[in-house]
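A.B. asks: What follows is a single structure, and I will ask about it in a moment.
Residue numbers (my numbering): -18 to 252.
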């Protein structure tokens, strides 16, 4: 059975999935909507996907047969027949897809799920919970299953999320700061200084860390490392050790590989 890894197997993901961007109102919270439909055949219909450490929690609506998840090769597989919430991760995860799977997902930006559902993201770290434990979605899921087009489903998800935003917007005071902090990490070429960033945001380092842990689920330092790693990974795929990783905030290639082992845990086969 094959294993497909994100970023490394970008062409595969482009063929297997449908993607759509959210409307302007939801763009600070949602990265994309996606759909995987294996009910009527696909380029592959029994395989594993490996998703690396990331700050993006997701809602996964299961509209088809059960799918499997395990934290890494050699660990037990959990089977999910219902829709689930997938938390942000500081370690990789593997998904088992087979014929009959039909999944619709919302991929949130860092802190997006916590802001819209008013939940403590730290409780979701590296974990999975049933959606029904956090939100009432039975009627929504029935309508999603009856829709015939991906565009219809994304429009329905937009309505669902917009209602959550209106309900919980007053509780989202942290999101303004976290949105700026994440943008800073993404634009900082791998360099980060939590104390300096807190000062720019007119927060204490302790308050900034508390906001991150509650809404992103991880500390600012770990979050910045994951952002740096994911930014560097395409260069690793393309150039191996030949790229100057100092330009991405690493001291050298071995420094990058340290993060690779922490966040991907996949055997290094590039020189």
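Backbone N, C-alpha and C fix where the C-beta goes; we use that ideal spot for every residue, glycine too. For clarity, every value in this text was computed on a predicted model and none was experimentally measured.
Does the beta-carbon of residue 135 have 16 or more other beta-carbons within 10 angstroms, so that it is buried, or is it exposed?
C.D. replies: Buried is the call here.
A.B. asks: If I measure Cβ to Cβ from residue 103 and keep anything under 6 Å in the same chain, skipping five residues before and after, which residues do I get?
C.D. replies: Taken in chain order, the residues that qualify are 194, 198.
A.B. asks: State yes or no: is the C-beta of residue 42 within less than 8 Å of the C-beta of residue 85?
C.D. replies: Closer than 8 Å, so yes.
A.B. asks: Buried or exposed: where does residue -14 fall if 16 or more other Cβ atoms within 10 Å of its Cβ makes it buried?
C.D. replies: By the neighbour-count rule (16 or more Cβ atoms within 10 Å), residue -14 is buried.
A.B. asks: Given a threshold of 16 other Cβ atoms within 10 Å of its Cβ, counted over all protein chains shown, does residue 20 qualify as buried or as exposed?
C.D. replies: Burial call: exposed.
A.B. asks: Does DSSP classify residue 90 as helix, strand or coil?
C.D. replies: Correct three-state label for residue 90: coil.
A.B. asks: My output table needs one value for residue 222: the three-state DSSP class, helix, strand or coil.
C.D. replies: Residue state, collapsed to three classes: helix.
A.B. asks: Whole angstroms are fine: how far does the CA of residue 225 sit from the CA of residue 97?
C.D. replies: Straight-line Cα distance between these residues: approximately 39 Å.
A.B. asks: Skipping 5 residues on each side, what residues in its chain have a beta carbon closer than 7 Å to that of residue 39?
C.D. replies: 67, 86, 87, 88, 89.
A.B. asks: How many angstroms separate the CA atom of residue 62 from the CA atom of residue 130?
C.D. replies: Taking the straight line from one Cα to the other gives about 22 Å.
A.B. asks: Sort 76, 142, 211 by Cα distance to residue 59 and report the nearest one.
C.D. replies: Nearest option by C-alpha distance: 76.
A.B. asks: Does residue -17 come out as helix, strand or coil in the three-state DSSP assignment?
C.D. replies: Residue state, collapsed to three classes: coil.
A.B. asks: Where does residue 114 fall in DSSP's three states?
C.D. replies: Looking at residue 114 - three-state DSSP - the assignment turns out to be helix.
A.B. asks: With 16 other CB atoms within 10 Å as the buried threshold, where does residue 215 fall?
C.D. replies: With fewer than 16 other Cβ atoms within 10 Å, it is exposed.
A.B. asks: To the nearest angstrom, how far is it from the Cα of residue 186 to the Cα of residue 163?
C.D. replies: The alpha-carbon atoms of residue 186 and residue 163 are separated by roughly 15 Å.
A.B. asks: By Cβ distance, which residues of its chain are closer than 6 Å to residue 91, with the 5 residues on each side in sequence left out?
C.D. replies: Only 36, 163, 197 meet the Cβ criterion.
A.B. asks: Can you tell me the Cα-Cα spacing of residue 240 and residue 166, whole angstroms?
C.D. replies: Their backbone Cα atoms lie some 16 Å apart in a straight line.
A.B. asks: What are the boundary residues of the beta strand (DSSP E) that residue -2 is part of?
C.D. replies: Element bounds for residue -2: -2 to 1.
A.B. asks: At which residues does the beta strand (DSSP E) containing residue 42 begin and terminate?
C.D. replies: Counting along the chain, the beta strand (DSSP E) containing residue 42 begins and ends at 39 to 43.
A.B. asks: Can you tell which of 113, 229, 28 has the C-alpha that lies nearest to the C-alpha of residue 78?
C.D. replies: Selected option, being the one with the closest Cα: 28.
A.B. asks: Please name the residue or residues paired with residue 147 in a DSSP beta bridge.
C.D. replies: For residue 147, which the question treats as bridged, DSSP gives no partner whatsoever.
A.B. asks: On the CB-based measure, 16 or more other CB atoms within 10 Å of its CB, does residue 249 come out buried or exposed?
C.D. replies: Here the model assigns residue 249 a pLDDT of 41, short of 50, so the residue's position is not dependable, and the following value carries that caveat. Under this definition residue 249 is an exposed residue.
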